[in-house]
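Written out below as structure tokens is the structure these notes cover.
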Amino acid sequence: MAHKQNKFAGISSNEVDDERRLYECVRKYETVVNQIDELMGMMNNIGKKSRKSRSRSASGARASVSSSQRNNNEALVQTLTRFLHELGANPTDS
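End of the sequence shown = 94 in the UniProt record's numbering, gap-free, step of one.
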């Protein structure tokens, strides 16, 4: 029964399963690429902010940089956690 033919489409169920798995892999790949793009944007923004803060005065900038760095780190952790949950919520048969 593994090679049962689909009467209407004329293709085997194995071919249909392969196409479905391929489609799911492509969707997962697109999700990962979008997540990487978002992370790269976050990292670029963090880099720009830290360069600007380095040019400030040394005394006032230190406190704001550490607070800003904590906020950036929290945002990054939350984003990564969300991405991992999204990937885990849509497992594939790969």
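Even glycine gets a Cβ: it sits at the ideal position worked out from N, Cα and C. Nothing here was measured: the structure is a model prediction, and the numbers come from that model.
Check your understanding: Between the region 34-49 and the region 72-89, do three or more beta carbon pairs fall short of 8 angstroms?
Key -> yes
Point to revise | Residues near isoleucine 46 in its chain [Cβ-Cβ closer than 7 angstroms; skip 5 each side] | key: Asn72
Review point. Taking the C-alpha atoms as reference points, what is the distance between lysine 48 and glutamate 15?
Key: 49 angstroms
Review point. In three-state terms, what does DSSP make of serine 94?
Key: Caution is warranted here: a pLDDT of 47 is assigned to serine 94, below 50, making its placement in the model unreliable, and the coordinate value is therefore given only provisionally. Three-state result, serine 94: coil.
**Study point:** C-beta contact flag for methionine 40 and threonine 79 at 8 angstroms
**Key:** no
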